[in-house]
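In the working numbering, the protein residues as written are 203 to 660.
Glycine included, every Cβ here is placed at the ideal spot set by N, Cα and C.
See below for the structure under consideration.
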Ligand SMILES: Cc1ncc(COP(=O)(O)O)c(C=O)c1O
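Below, the structure is given as structure tokens:
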């Protein structure tokens, strides 16, 4: 794939993004460094919003915070008109700090703590998605105690598994734990309880069927089932007005390993094939399937098309950020191959290296791709791998690698196994602003209670 797919240009052999020389950014700010593009983030947001223009009711987009919880990234998305989908107390707090009104927040999660439920009700979130009967009881009791009426949705397990998504990632399959089961009486029980409670306002149903989804008809199957549930809500006297179809749409320019590839990769060291770009009109296709499925099923069931709630993550921000890494050393093992050691791997920078493929370019010079290399992070463990068998121009010490699509699940899956986590630089026209600084040793030590005071305070 060509760098131009990410809006990158080469000048004098060096990659530039939005007019900024990536190598100069790496020199100035150090590596590893995430570089986000406000231009791309806004463009994807607009494309997604526009794709739904033909839908006959409102469509509200809530960005899934866990995909990239960097406040500077979230701020760009909120300024472009998006709400927040949050799954824990911190994300809820962060959304409120960023000025997101409670009504624009969807709160998900299968095991919310009493404190989180209380915080959600106090923030008057627009949709508190209830994941089971026990949670429904807890929310009702808490709403009664606080003297409020909680706006809730019921998470449903539609038992849909999108093609190409491994079972573990197919969150809408019965083999996974999420939501109320359509079999047995769970759903009707929850509907009856919610519809008659003075402390609950039942707003609709929700499902999230997985991640990295290319199989768009799977959404149709899920929507059919959710709307049948909405009909049952109407019959029980509730007035559902929203349908939340979760997230899950694949990113266009990166991809998860397929289950068999994963097996071959780890068992035999065989590198999965490279990423092929998804269709340029992915958002239009997605909107067409979701819109058509919702309108058709609503018509068949005699319902008004509901307000659609979307919770996209990777499809929206994956290609809006890239990661710069510097080659520290290259080892050549005779008869085996070339090991390239960079300054951040699967443990420190992102666990996504273990399960996804990304395009990788040399940022500081242009050269033909010659042979394959194994790329590792700094930790003395094979777990700190980036890629095995990656096709690259032969890297040398000091080279800067640009890893595409670090805008989804990189910052949220980075750990401190291996040291401080990287910072994030936001490009916005001619401006380049650090929106998250690199962690310091003092940041890591701040929670250690046995260290001398100055070390903790520093
Ligand atoms: C409930 C829910 N909504 C939205 C998302 C975002 O998913 P994606 O990044 O695949 O769009 C997730 C991800 O796990 C999720 O669990």
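| Asked | Found |
| --- | --- |
| Residue burial classification, residue 292 (beta-carbon count within 10 angstroms, cutoff 16) | exposed |
| First and last residue of the uninterrupted beta strand (DSSP E) at residue 332 | 329-332 |
| Residue range of the unbroken beta strand (DSSP E) whose run includes residue 173 | The displayed coordinates of the chain run from 203 to 660. Any statement about residue 173 would go beyond what the structure contains. |
| Spatial distance of residue 298 from residue 260 (CA atoms) | 23 Å |
| Simplified DSSP assignment, three categories, for residue 458 | strand |
| Inter-stretch contact at 8 Å, needing at least 3 Cβ pairs: the region 323-336 / the region 295-315 | yes |
| Residue 393 vs residue 434 beta-carbon contact at 8 Å | yes |
| Residue closest to residue 227, alpha-carbon to alpha-carbon, out of 247, 565, 510 | 565 |
| Nearest-angstrom beta carbon gap, residue 524 and residue 604 [assumed within contact, 8 Å] | 5 Å |
| Close-in-space but distant-in-sequence residues of the same chain around residue 360 (CB under 6 Å, 5 per side omitted) | 374, 409, 424, 427 |
| Closest Cα partner of residue 527 within the set 537, 519, 547 | 547 |
| Distance between residue 537 and residue 478 (C-alpha atoms, nearest Å) | 31 Å |
| 3-residue-minimum beta strand (DSSP E) runs that sit fully inside the region 261-333, ordered along the chain | 261-266, 285-288, 307-309, 329-332 |
| Whole runs of the beta strand (DSSP E) within the region 613-650, excluding any shorter than 3 residues | 625-630, 633-638 |
| At least 3 beta-carbon pairs within less than 8 Å: the region 572-589 vs the region 436-444 | no |
| Same chain only: Cβ atoms within 6 Å of residue 396, ignoring 5 sequence neighbours per side | 402, 404 |
| Buried versus exposed call for residue 558 [16 or more other C-beta atoms within 10 Å across all chains shown] | buried |
| Residues near residue 555 by beta carbon distance below 8 Å, same chain, minus five either side | 547, 548, 587, 588, 589 |
| As assigned by DSSP and simplified to three states, the class of residue 396 | helix |
| Rounded Cβ spacing between residue 275 and residue 243 (contact assumed at less than 8 Å) | 7 Å |
| Supposed close pair residue 240, residue 628 - CB separation, criterion 8 Å | 6 Å |
| Sequence-distant residues of the same chain with beta carbon closer than 6 Å to residue 368, five excluded per side | 461 |
| Inter-residue Cα distance where the pair is residue 378 and residue 599 | 46 Å |
| For residue 571, three-class secondary structure by DSSP | coil |
| Closest residue to residue 509 among 493, 519, 516, 521 (Cα-Cα distance) | 493 |
| Residue environment, residue 280, which counts as buried when at least 16 other CB atoms sit within 10 Å | buried |
| Any non-hydrogen atom of ligand 1 within 7 Å of residue 613 CB | no |
| Exposure of residue 516, with buried meaning 16 or more beta-carbon neighbours within 10 Å | buried |
| Closer than 7 Å: residue 339 CB and nearest ligand 1 heavy atom | no |
| Residue range of the unbroken alpha helix (DSSP H) whose run includes residue 231 | 224-231 |
| Sequence-distant residues of the same chain with beta carbon closer than 7 Å to residue 412, five excluded per side | 364, 367, 371, 372, 373, 374, 450 |
| Nearest to residue 311 (by Cα), restricted to the options 289, 498, 329, 330 | 289 |
| N- and C-terminal bounds of the alpha helix (DSSP H) containing residue 436 | 419-437 |
| Which of helix, strand or coil DSSP assigns to residue 352 | strand |
| Simplified DSSP state of residue 207, which is helix, strand or coil | helix |
| Residue burial classification, residue 471 (beta-carbon count within 10 angstroms, cutoff 16) | exposed |
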